[in-house]
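In what follows, a single structure is set out as structure tokens and then discussed.
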Amino acid sequence: MSAGFAAGFCAIDWARPWLAPIEPRGRRWQAAALAGYADYLAVLNHDAAGAALVSGRGRPLAFIAQDELPTGASYEGHIAATGCVPTRHNLHDFFNGLMWFAYPRIKAALNARQAAQIDALGIGPTRGGVRDALTLFDENAVLFACADASLADALRGFGWRTLFVAERAGWGTRCEARMFGHALLEKLVAPYKACTGHAWIVDVPASYFTLDDAARRALLDEAVAARILAEPLDGRAFAPLPVLGVPGWWDANASPDFYDDTAVFRPGRRAR
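Just remember that this note's numbering sits 58 ahead of the position in the sequence shown, which is counted from 1.
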């Protein structure tokens, strides 16, 4: 194992608030990954066997080495048909695997729609609009659970001062952000101010904020999966969210001046 590889896994800071929902499993997987590729896959498959996860076409989920993906097979199509998730020994696929456990219905719904698009259109030089949107969700989505339409409107309208300053007290009681995109999680191992997710707004009842973490994730998992399977999808379904602006996620954002940086908290087309 190279020093650079080990440093990548060792750099995960489990004290980061956005990692709290996946910390217990993540710590075990991290230790296995540092022990070696075989140990890592063994832990993933042990957990998968006990969790009854399935692919987009109902196949029991397992994690295989990347080089076991047959030549010419599509990644998403192979997962859907066999349940076998090709998994590299790196941070990107580490967080991808964790999302299969955190939000199994969403991951299966994304896989089902990707596989259906591949069946219909084949694999070409471009994915097409629907597959692009599905990939964007998978790689970079933030679930924005919201019980107050005015806060959702502020996010859609680039109303950063409203969302993060004037209505700061609403975070945790009327809205919250939950990480989903595994590429975004990988970036946040080394956080930087401009790191931006694609927020998927989920309307939730006020009672959502009385639930514990597991119940909140289960509610989001079911609701978002149903939408992914039922709705037309394109890139316009998302709103940009600079994730280090989320109250409590970054010490510097305690100061309102943090949000004055228009290179990060951009005014957006509507405001311009």
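Note that beta-carbon positions come from the ideal geometry of N, C-alpha and C, so glycine has one too.
- request: Given a cut-off of 8 Å, decide if residue 213 and residue 202 are closer than it, judged by their beta-carbon atoms.
  value: yes
field: Residue range of the unbroken alpha helix (DSSP H) whose run includes residue 188
entry: 187-198
- prompt: What three-state label does DSSP hand residue 236 in the structure shown?
  reply: strand
query: If you check the beta carbons only, do residue 117 and residue 173 fall under 8 Å apart?
result: no
- prompt: According to DSSP, is residue 181 helix, strand or coil?
  reply: coil
- prompt: Are residue 216 and residue 324 touching if we call contact CB-CB under 8 Å?
  reply: yes
task: Kindly indicate which residue of 102, 322, 104 and 282 has the alpha-carbon position closest to the one of residue 219.
output: 322
message: Pairs of beta-carbons, one from the region 158-168 and one from the region 274-283, closer than 8 Å: are there three or more?
response: yes
field: Beta-carbon gap between residue 77 and residue 84 smaller than 8 Å
entry: yes
message: According to DSSP, is residue 201 part of a helix, a strand, or is it coil?
response: strand
- request: Please say whether residue 143 and residue 119 have beta carbons closer to each other than 8 Å?
  value: yes
field: Whole runs of the beta strand (DSSP E) within the region 83-161, excluding any shorter than 3 residues
entry: 120-123 and 142-145
- request: Please state whether DSSP places residue 269 in a helix, a strand or coil.
  value: coil
- prompt: What's the C-alpha gap between residue 210 and residue 261?
  reply: 9 Å
message: Just to confirm the assignment, what range does the beta strand (DSSP E) spanning residue 257 have?
response: 254-261
- prompt: Looking at the structure shown, is residue 287 part of a helix, part of a strand, or coil, going by DSSP?
  reply: helix
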